[in-house]
Amino acid sequence: MIANPGLKAYRYDPYPKVLTIEKYDLPQMMKIRRAAIDQSKSAKKFGIVLGTLGRQGNPTVLDRVKKLLEKSGKEYFVLLLSELFPDKLARFSDVDAWIQIACPRLSIDWGYAFPKPLLSPYEAEVCLEQAQWTEGSYPMDFYAKGSGPWTNYHEAQKQQPSKVPA
Numbered sequence: 000m001i002a003n004p005g006l007k008a009y010r011y012d013p014y015p016k017v018l019t020i021e022k023y024d025l026p027q028m029m030k031i032r033r034a035a036i037d038q039s040k041s042a043k044k045f046g047i048v049l050g051t052l053g054r055q056g057n058p059t060v061l062d063r064v065k066k067l068l069e070k071s072g073k074e075y076f077v078l079l080l081s082e083l084f085p086d087k088l089a090r091f092s093d094v095d096a097w098i099q100i101a102c103p104r105l106s107i108d109w110g111y112a113f114p115k116p117l118l119s120p121y122e123a124e125v126c127l128e129q130a131q132w133t134e135g136s137y138p139m140d141f142y143a144k145g146s147g148p149w150t151n152y153h154e155a156q157k158q159q160p161s162k163v164p165a
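Numbering follows our numbering, with no gaps: position 85 of the sequence shown is 84.
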């Protein structure tokens, strides 16, 4: 419903035998995510969370985000976590914004609950002026081939060996 807002999504509940049309407030989500990106543009210090639960974190995406932050003159540090909670990140009071390389939907679904902006890699690219923000469209291609450079399987990711951070 996020990637294809023009398509109707149906849900069938077999117990009461009810078919419903599902709704998603894409304009509201886009407004919230854009506000987080805009707030992060003035951030001086970023925290990058690399997810360690299952296969959520990607060291190659981490390398790209680090390079973009360095190129932009931003201070950052990397934090490895299996789960992200607002209270846990709130302990880092000197961080102005977070970039999470973990669950792709975390920023969209729960970003508002965190005390500082929690960006996805795509949103970080927009914040650092490496990708365009498109109104009414939000990329959900995190695992697709031929996607943007913020994704796991982007062509540029294949050409360089990835390293696990020390």
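Think of the CB as a built atom: it goes at the ideal place given N, C-alpha and C, for glycine as much as any other residue.
For this session: Rank Lys40, Lys115, Gly53 and Gln129 by C-alpha distance to the C-alpha of Glu82 and give the top, closest one.
Result: Checking every option, the nearest Cα to that of Glu82 belongs to Gly53.
Pick helix, strand or coil for Gly56, following the three-state DSSP scheme.
-> In the structure shown, Gly56 sits in coil (DSSP, three-state: anything other than H, G, I, E or B).
Q | Counterpart residues of Tyr9 in DSSP-defined beta bridges | A | Partner(s): Ile20.
Using a Cβ-Cβ cutoff of less than 6 Å, which residues in the same chain neighbour Ala8 once the five nearest sequence positions on both sides are dropped? Cβ within range, chain order: Met0 and Glu21.
Ala89 lies in the alpha helix (DSSP H); which residues open and close that run? Where Ala89 is concerned, the enclosing alpha helix (DSSP H) stretches over Pro85 to Ala89.
Report task. Would you kindly check if the distance between the Cβ of Phe141 and the Cβ of Thr150 is under 7 Å? Result -> Cβ distance < 7 Å, so Thr150 and Phe141 count as in contact.
3-residue-minimum beta strand (DSSP E) runs that sit fully inside the stretch 20 to 50, ordered along the chain: Listed in chain order, they are 44 to 50.
Helix, strand or coil at Ala2 [DSSP, three-state]
Looking at Ala2 - three-state DSSP - the assignment turns out to be coil, as it is neither helix nor strand.
*Which residue comes first and which comes last in the alpha helix (DSSP H) that contains Leu105?*
Boundaries of the alpha helix (DSSP H) around Leu105: Leu105 to Trp109.
Check your understanding: Hey, Leu80 and Trp97 are a contact pair by Cβ (cut 8 Å); roughly how many whole angstroms apart?
Key -> About 11 Å; that fails the 8 Å criterion.
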